[in-house]
Amino acid sequence: MQNRYVGDVGDFAKHGLLRYLSGETADDEGDRLRLGVIWYLSHDPREHNGDGRYIDYLKRTARDDKSEYIGCDPCLWEKLRDLVFADARCVHCAEEAELLPKDALYYSPLFYFPRDIKPATRRSARAEWFAGAHKTMKDAQLVCVDPDNGLIPKSVGLHSERGPKYTCLNDLKTLWDDNKSLVMYQQSVMDKKGHEMVRAKKTELKEGLGLDRDPIALWFSRGTARVFFVVPRPVHRKAIETRIISMANTQWFKHRHFLQV
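Under the numbering used here, think of the first position of the sequence shown as 333, with each following residue one higher.
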C-alpha cells in the first residue's frame, strides 16, 4: 500500500469489500466482524509509474454518469470523493474519515528498506514491524493484509529491497493461528497468466495455512486488476460466505466490477 493509492478505484473496491464482509453494509442479521487493516505502507521516491491515477470513477457531471460506481456503496463513494478532491490521499486521512467501521483497527508505520541497510538490520526491522502489526490486531476478527504487490514470489527475497512490498506465508500463518479470518490483496492481470496466478496462489495459501478448502478469490477488474483472497476461519465462515453470495446480487457484481474466480 502507498498513500497515493487512497481514493483510487482499487481502493474503492478494497474498502467496499471490507465494509460488506464485516457486516457494515451487508443486508443481513449476521454478527458484525471487527476489522483490522495492516497497510504494509511502503514508499519509494524513485517510483514514478503513475499508479493511483484511476480516479475518474469519482467524477460527477451531467455527461459522465458514474452511478455504476456510486450505487455500489454511495456513502463510501462520497467519502472517497471528498478525500481525493481535498488532496487528502493518505491512509491516515482514510482512517480519520471512517471509511470502515468506527471500531476498526489499523497498523500503518512506514515499512521500507533504504538501499544501504545491512541484511541483518533488515531482518530485525521486518520482525519488529510485524510483531507490532500482530499486537495491534489482537482484538480483530477479520484482518486485511494489504501489501503493495501481494504474496511474495520465490524470485524476491523477503529481506531484499523489494521485500516490504509483499506479505509472506509466515505473516499470514501467525494471524491465521491467532484465529483471524483473512483478506489478502494480490496484484494481478486479467488474462491467462492472471488465472494461472490465482490458481497457484490458492494452492500456496491452502498448503501454507493448512486449509481444508481453497480460499475464495474475488477479482476486481477496474483500473489495474487485483485479486482479494478471502480466507474465513470456521467460526466466521457462514457469515463471510453468506455475505459474498449476497454481494453477488449487488451492483458490485452486476456491473462486473468483481468476479469470483
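We treat Cβ as the ideally placed atom computed from N, Cα and C, and that holds for glycine.
Using a Cβ distance threshold of 8 Å, P433 and S513 do not count as a contacting pair. Around the beta carbon of C476, 16 or more other beta carbons sit within 10 angstroms, so the residue counts as buried. At a Cβ-Cβ threshold of 8 Å, A429 and K411 count as neighbours.
Cβ-Cβ separation between D480 and K497: approximately 4 Å, consistent with a contact (criterion under 8 Å). Scanning its chain for C-beta atoms nearer than 6 Å, with the 5 sequence neighbours on each side dropped, one finds around M516 the residues V477 and F561, in chain order. For I572, the closest of P547, F590 and E528 by C-alpha to C-alpha distance is P547. Contact between the stretch 579-587 and the stretch 412-420 is absent: fewer than three C-beta pairs spanning the two stretches fall below 8 Å. Annotated as proximal: T499 and L483, with beta-carbon spacing under 8 Å. Take the alpha-carbon of K525 and the one of E361: they are about 39 Å apart.
Bridge pairing for F560: Y517 and L550 [DSSP]. DSSP, reduced to helix, strand and coil, places Q473 outside both helices and strands of the structure shown, so it counts as coil. For V338, the three-state secondary structure derived from DSSP is coil. In the structure shown, the three-state DSSP call for T582 is coil.
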